[in-house]
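Undergrad: Questions regarding the structure given below will be posed in turn.
Numbering (the working numbering), first residue to last: 355 to 458.
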């Protein structure tokens with residue numbers, strides 16, 4: 355679905371879950387969880403000011419497991435955001451095509 359040197363998003367045809375890998379972390383998400391995660395990353399990106407410290411790991415993102423959270427620098431968050439946006443566009447395109455196109 356999407357792959358670059360920072361990570362990937364792939365879809366499992368068997369269980370319809372998405373696997374998001376970034377850095378040393380892999381998350382297995384439903385499509386709804388993936389959408390929610392994308393919204394969280396988008397919100398953090400839009401609200402966060404790198405404040406001259408783009409490498410400082412201070413951006414906290416919770417996961418569906420209450421005991422696990424992700425922490426990113428602003429620079430890492432931008433890379434993650436790129437992966438998510440690219441994968442999201444592919445998912446939207448696949449959904450449109452699977453529903454018979456735009457006119458249905």
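Even glycine gets a Cβ: it sits at the ideal position worked out from N, Cα and C. Values in this document were obtained by computation on a predicted structure and should not be read as measured data.
Please name the residue in 425, 447 and 429 whose C-alpha comes closest to that of residue 379.
TA: As a first step, residue 379 must be located in the chain shown, where it is residue number 25. Of 425, 447 and 429, the residue nearest in Cα terms is 425.
Undergrad: In three-state DSSP terms, what is residue 422?
TA: Here residue 422 refers to the residue found at position 68 when the chain shown is read from its first residue. Here residue 422 sits in coil by DSSP.
Undergrad: Any idea if residue 357 is buried or exposed, counting beta-carbon neighbours within 10 angstroms, 16 or more meaning buried?
TA: Within the chain shown, numbered from 1, the residue matching residue 357 stands at position 3. Counting Cβ neighbours within 10 Å, residue 357 comes out exposed, since fewer than 16 surround it.
Undergrad: How is residue 365 classed by DSSP in three states: helix, strand or coil?
TA: Here the question's residue 365 lines up with position 11 in the chain shown. Note: residue 365 maps to strand in three-state DSSP.
Undergrad: So is residue 392 buried or exposed if we call it buried at 16+ other beta carbons inside 10 Å?
TA: Position 38 of the chain shown, counted from the first residue, corresponds to residue 392. Buried, since its Cβ has 16 or more Cβ neighbours within 10 Å.
Undergrad: Between 390, 431 and 355, which has its C-alpha nearest residue 417's C-alpha?
TA: To locate residue 417, count along the chain shown from 1; it is residue 63. The shortest C-alpha separation from residue 417 is found at 390.
Undergrad: What separation, rounded to the nearest whole angstrom, lies between the Cα atoms of residue 367 and residue 406?
TA: By 1-based counting over the chain shown, the position of residue 367 is 13. By 1-based counting over the chain shown, the position of residue 406 is 52. The straight-line gap from Cα to Cα measures roughly 43 Å.
Undergrad: Out of curiosity, what's the CA-to-CA distance linking residue 397 and residue 454?
TA: One-based indexing of the chain shown puts residue 397 at position 43. One-based indexing of the chain shown puts residue 454 at position 100. Rounded to the nearest angstrom, the two C-alpha atoms are 32 Å apart.
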